[in-house]
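Chemist: Residue numbers (UniProt numbering), protein chains in the order written: chain E, 1 to 319; chain D, 1 to 319.
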């Protein structure tokens with residue numbers, strides 16, 4: 001199956017009353033530094049603090065009443081967990097979230113706050129999958145994958161419709177790549193509306209499986225990720241890889257230093273909080289790695305959830 | 001002289017193309033916590049990272065060509081310094097900024113980036129005043145006070161017009177008080193448009209000169225401020241005290257703990273950066289000090305400029 005602009009438009013219509021229309025912010029200081037016009041789509045200001053609210057809300061809205069009443073399940077230590085818990089709460093159905101036992105307490109608490117049942121498991125991918133499978137067998141709940149699901153991909157892509165509505169004459173878009181759900185939706189929307197806009201994926205050098213996969217023409221799993229950008233440590237899915245091959249113009253990889261510089265510049269200059277994964281797209285520009293003179297560049301800031309006690313440039317105060 | 005709504009409307013028309021129309025943000029989480037509808041006017045996202053851009057831009061715009069070509073001068077270690085430097089740059093005139101030599105290098109650098117001449121002086125109020133006076137004698141530049149100036153007060157009040165346009169049915173507004181420039185403009189605008197809206201000033205317990213002054217019926221200077229909210233350590237001016245007496249319904253004082261709680265809650269939940277002074281208004285609600293059940297409360301977040309290496313809940317990483 002192939003994701004279409006119609007899927008994404010339908011997703012947007014379906015979810016728009018349950019998400020924030022996030023602002024597109026600009027900064028004269030960062031424009032001057034880049035020698036370009038930058039347009040930051042602030043999904044860090046989205047419900048639950050990340051774009052994941054879009055895909056999860058769309059997926060839950062698309063369930064039949066029969067499916068919905070059995071609830072939804074996923075495994076995630078990150079923003080998809082909170083997003084799915086919230087989406088289930090909005091529909092009034094159960095959510096079961098499998099989370100690794102090493103997950104920060106704050107993340108577990110935020111999922112529980114939405115009324116979801118949290119199942120803690122060993123911190124391995126195999127344990128996460130088998131626990132999720134047990135939940136499905138026990139409850140009949142519907143599994144909602146964090147990215148390799150057309151309903152989720154279409155939901156994420158809805159942010160591109162808003163961005164193009166606000167800034168129709170973009171020349172380029174920079175979008176982080178983790179599992180590829182976001183860039184699948186975004187690139188499908190953008191290329192369907194205006195194929196002349198360049199869509200670049202950005203990923204950490206320490207988790208450059210998308211660059212490797214595109215070069216190899218097949219999915220190369222991310223086996224030993226080494227990056228502060230914890231949202232981008234996963235591998236591509238079959239469905240997302242297909243869309244990436246079809247639509248994405250290139251992948252830029254960024255160093256850990258560039259990620260932290262980007263994050264700090266956004267905090268200092270724009271006065272908004274992005275998590276490391278959320279700052280990666282701007283990492284392609286912050287130290288001049290990608291040169292975009294005079295262009296009009298959309299930059300997707302994907303999320304703002306992180307532990308304020310452990311910032312990359314600080315050590316915690318001793319009690 | 002008395003500040004009027006007409007002054008504030010004229011200021012808004014004069015400056016609106018040179019400032020951001022800052023967003024009014026809401027948070028379901030913080031609403032639930034407060035048991036009220038909260039509307040955050042995000043002046044931390046304003047040009048130069050603070051509402052001070054409004055008053056300085058208005059004051060500079062009102063200079064005659066004759067005055068303007070001699071330039072402007074002020075003394076400030078804070079946001080007014082950057083705001084005046086930027087306003088002067090926009091008009092293409094000189095700016096002279098007297099700053100205490102103890103001022104963080106980052107603040108000095110940000111003022112110089114706007115092309116202003118920085119005059120460093122001893123860190124006393126007397127030294128600041130005498131240095132500013134010398135500049136006036138040497139250059140003929142016009143002194144622009146950070147708050148006790150009707151042009152500045154009218155400019156700051158323009159944010160209230162935007163807030164009421166976006167949320168016409170507010171019941172209360174919480175506004176920080178330092179020198180009183182902001183609350184003078186805001187309370188004049190609000191009470192002129194709808195006298196039923198309550199306007200509360202909020203200040204640190206460790207710099208509660210506005211509460212003392214209102215109680216005494218005369219200006220009680222803030223002689224030994226003790227607060228993390230460095231933008232609120234000054235005393236009221238004659239002009240601002242007059243407006244505060246006329247329009248403000250009450251003053252709430254907040255503890256240092258409440259200020260830090262408020263700041264951290266805004267960072268964590270709203271994903272935006274406010275400085276301690278900028279979070280003070282929300283400090284009145286964060287621990288339930290002021291009870292506003294079911295009301296619709298405007299909260300002014302005034303600025304987002306602070307050193308990210310010295311957050312109140314962290315110690316700097318050792319090199």
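Each residue gets a CB set at the ideal place from its N, CA and C atoms; glycine is no exception.
Within a Cβ cutoff of 7 Å, which residues of the same chain sit near residue 54 of chain E, ignoring the five residues on either side of it in sequence?
Modeler: Cβ neighbours of residue 54 of chain E beyond the five flanking positions: 15, 19, 155, 156, 158, 159.
Chemist: Can you tell me where the alpha helix (DSSP H) holding residue 214 of chain E begins and where it ends?
Modeler: Segment 209-216, the alpha helix (DSSP H) holding residue 214 of chain E.
Chemist: With 7 Å as the C-beta to C-beta threshold (strictly closer), list the residues of the stretch 247-274 of chain D near chain E in chain order.
Modeler: Going along the stretch 247-274 of chain D in chain order, one finds 264, 267, 268, 271, 272, 273 with a Cβ nearer than 7 Å to chain E.
Chemist: Using only the alpha-carbon positions, how far apart do residue 252 of chain D and residue 189 of chain D sit?
Modeler: The straight-line gap from Cα to Cα measures roughly 20 Å.
Chemist: Spatial neighbours of residue 256 of chain D within its chain, please: C-beta separation below 8 Å, excluding the five flanking residues on both sides.
Modeler: 204, 205, 206, 227, 228.
Chemist: In its own chain, which residues sit with a C-beta less than 8 Å from the C-beta of residue 21 of chain E, not counting the 5 before and 5 after it?
Modeler: Hits under 8 Å: 162.
Chemist: DSSP three-state call for residue 319 of chain D: helix, strand or coil?
Modeler: Interpretation of residue 319 of chain D is limited by its pLDDT of 42, a score under 50 that renders its predicted location unreliable; the figure taken from the coordinates is listed afterwards. Note: residue 319 of chain D maps to coil in three-state DSSP.
Chemist: Is the beta carbon of residue 230 of chain D sitting closer than 8 Å to the one on residue 78 of chain D?
Modeler: Yes, the pair counts as a contact, with Cβ atoms nearer than the cut-off.
Chemist: Please determine, among D:176, D:216, D:220, D:169, the residue with the shortest C-alpha to C-alpha distance to residue 195 of chain D.
Modeler: Here the closest residue by C-alpha is D:169.
Chemist: Can you pull the chain D neighbours of residue 23 of chain E, defined as C-beta to C-beta under 7 Å?
Modeler: The answer, in chain order, is 23.
Chemist: Considering only C-alpha positions, which residue in the set D:235, D:35, D:186 is nearest to residue 218 of chain D?
Modeler: Nearest C-alpha to residue 218 of chain D: D:235.
Chemist: Within the continuous beta strand (DSSP E) that includes residue 270 of chain E, where are the two ends?
Modeler: No beta strand (DSSP E) holds residue 270 of chain E; DSSP gives it neither H nor E.
Chemist: By alpha-carbon positions, which one of D:183, D:243, D:126 ends up nearest to residue 3 of chain D?
Modeler: Checking every option, the nearest Cα to that of residue 3 of chain D belongs to D:243.
Chemist: Near residue 116 of chain E, what residues of its chain come up, given a Cβ to Cβ distance below 6 Å and the 5 sequence neighbours on each side ignored?
Modeler: Contacts found: 85, 95, 97.
Chemist: Quick one: which chain E residues come within Cβ less than 8 Å of residue 44 of chain D?
Modeler: By Cβ distance, chain E contributes 271.
Chemist: Name the one or two DSSP bridge partners that residue 280 of chain E has.
Modeler: Paired residue(s): none; residue 280 of chain E is not in a bridge.
Chemist: Where residue 319 of chain D and residue 310 of chain D are concerned, what is the direct C-alpha to C-alpha distance, given to the nearest angstrom?
Modeler: Residue confidence for residue 319 of chain D is low, a pLDDT of 42 falling below 50, so the modelled location carries little weight; the figure read from the coordinates is stated next. Using only the alpha carbons, I get a separation of about 14 Å.
Chemist: Residue 296 of chain D: which of D:17, D:27, D:8 sits nearest, CA to CA?
Modeler: It is D:27 whose Cα lies nearest to the Cα of residue 296 of chain D.
Chemist: In angstroms with no decimal places, state the Cα-to-Cα distance between residue 125 of chain E and residue 147 of chain E.
Modeler: Cα to Cα, residue 125 of chain E sits roughly 15 Å from residue 147 of chain E.
Chemist: Listing by chain order, which chain E residues have their CB less than 7 Å from the CB of residue 17 of chain D?
Modeler: Residues of chain E passing the Cβ test: none, with the nearest at roughly 14 Å.
Chemist: Roughly how many angstroms separate the alpha carbons of residue 42 of chain D and residue 57 of chain E, rounded to a whole number?
Modeler: The straight-line gap from Cα to Cα measures roughly 27 Å.
Chemist: Once you ignore the five residues that flank residue 82 of chain E on each side, which residues in its own chain have a CB closer than 6 Å to its CB?
Modeler: Closer than 6 Å at Cβ, skipping near neighbours: 48, 110, 111.
Chemist: Just to confirm, is the Cβ distance from residue 275 of chain D to residue 232 of chain D under 8 Å?
Modeler: Taking 8 Å as the Cβ cut-off, residue 275 of chain D and residue 232 of chain D do not qualify as a contacting pair.
Chemist: Quick check: residue 31 of chain E and residue 75 of chain E, are their CB atoms within less than 8 Å of each other?
Modeler: Their beta carbons are not under 8 Å apart, which means residue 31 of chain E does not touch residue 75 of chain E by this criterion.
Chemist: Given that a residue counts as buried once 16 or more other Cβ atoms are within 10 Å of its Cβ, and exposed if not, what is residue 68 of chain D?
Modeler: Label assigned to residue 68 of chain D: buried.
Chemist: What is the rounded straight-line gap between the Cα of residue 287 of chain E and the Cα of residue 23 of chain E?
Modeler: Distance between the alpha carbons of residue 287 of chain E and residue 23 of chain E: 25 Å.
Chemist: Take residue 214 of chain D and list the residues in its own chain whose beta-carbon comes closer than 8 Å to its own, dropping the five residues that flank it on each side.
Modeler: Here the set comprises 244, 245, 248, 251.
Chemist: Taking C-beta to C-beta, are residue 100 of chain E and residue 70 of chain E nearer than 8 Å?
Modeler: Not closer than 8 Å, so no.
Chemist: By alpha-carbon positions, which one of E:5, E:11, E:34 ends up nearest to residue 298 of chain E?
Modeler: It is E:34.
Chemist: Could you check whether the Cβ of residue 115 of chain E sits closer than 8 Å to any Cβ belonging to chain D?
Modeler: No, its Cβ sits nowhere closer than 8 Å to a Cβ of chain D.
Chemist: Which bits of chain E does residue 304 of chain D rub up against, with CB to CB less than 7 Å?
Modeler: In chain order: 271.
Chemist: Can you find the residues in the same chain that come closer than 7 Å, C-beta to C-beta, to residue 211 of chain E, ignoring five residues on each side of it along the sequence?
Modeler: Counting only Cβ-Cβ distances below 7 Å, and skipping sequence neighbours, we find 203, 251, 253.
Chemist: Could you compute how far the alpha carbon of residue 304 of chain D sits from the alpha carbon of residue 64 of chain D?
Modeler: Taking the straight line joining both Cα atoms gives about 32 Å.
Chemist: Considering only C-alpha positions, which residue in the set D:291, D:61, D:133 is nearest to residue 73 of chain D?
Modeler: Closest option to residue 73 of chain D, Cα to Cα, is D:133.
Chemist: Shorter than 8 Å from the beta carbon of residue 309 of chain E to some beta carbon of chain D?
Modeler: So, interface residue.
Chemist: At 7 Å on the CB atoms, spell out the chain E contacts of residue 217 of chain D, in chain order.
Modeler: Under the 7 Å cutoff, chain E gives no residues; its nearest Cβ is about 38 Å from residue 217 of chain D.
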